[in-house]
Amino acid sequence: PGAGGGGGGGGGLGLVGGLGHGGAAGLDAACARLFEAMPKGAKLLVATQAGGSEVKALLARRMRARWDAKSAEQRRSLAGAPPTPWDASSSAFGSDEQKLRRATLACAQGAAFFATK
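Right under this line is the structure:
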């Protein structure tokens, strides 16, 4: 079988597609299935990385805040949407800018695991 990342189709083990929202337990179960399907002497390398959805959401919010700040006309064209606040303070721990930085760092961090059967 393929070692793959499909969602269970095409003979793959569904490592990526089968995770769903299982978090670490889902990843552990998927890796265990992959390891058991490997031939003796095969090597398995698993690298993890956090998702980027929080980074995307914060970047979109920051862009909306910049648009709002640029022009009152822009706010009216957004069908009466309230201005989007953005705390650009780089020193305040809870500021939006700091949240974006922490989310970006978390997205870039990962771990690698290696095993031989």
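Residue 101 in the numbering used here is what sits at position 112 of the sequence shown, and the numbering runs on without skipping anything. Even for Gly, the Cβ is constructed at its ideal location relative to N, Cα and C. Small disclaimer: the values here were computed from a predicted structure and weren't measured.
Distance between beta carbons of residue j and residue i, contact taken as under 8 Å
i, j, result
"Ala92", "Leu47", "6 Å"
"Phe82", "Leu34", "Not really, about 36 Å apart at Cβ, beyond 8 Å."
Where residue i falls, given that 16 or more other Cβ within 10 Å makes a residue buried
i, result
"Leu4", "With a pLDDT of 48 at Leu4, under the threshold of 50, the modelled position of that residue is not reliable, and the figure given next carries that caveat. Under this definition Leu4 is a buried residue."
"Leu89", "buried"
"Leu109", "Outside the shown range of the chain (-10 to 106) lies residue 109, about which nothing can therefore be said."
"Ala19", "buried"
In DSSP terms, what residue i is bridged to
i, result
"Ala14", "Looking at the DSSP assignment, Ala14 forms no beta bridge with any residue, so it has no partner."
"Phe102", "Val35"
6 Å CB neighbourhood of residue i in its chain, flanking five on each side removed
i, result
"Ala95", "Ala39"
"Glu107", "As shown, the chain starts at -10 and ends at 106. That puts residue 107 outside it, with no answer to give."
"Ala77", "Glu86"
Any chain D beta carbon closer than 9 Å to residue i
i, result
"Gly30", "Absent from the structure: chain D. Only one protein chain is present."
Beta-carbon proximity list for residue i, same chain, < 7 Å, skipping 5 on both sides
i, result
"Ala36", "Gly99, Ala101"
"Gly41", "Cys96"
Sequence-distant residues of the same chain with beta carbon closer than 8 Å to residue i, five excluded per side
i, result
"Lys29", "Lys106"
Cβ pair count under 8 Å reaching 3, the stretch 73 to 92 against the stretch 41 to 55: With contact defined as three or more Cβ pairs closer than 8 Å, the stretch 73 to 92 and the stretch 41 to 55 are in contact.
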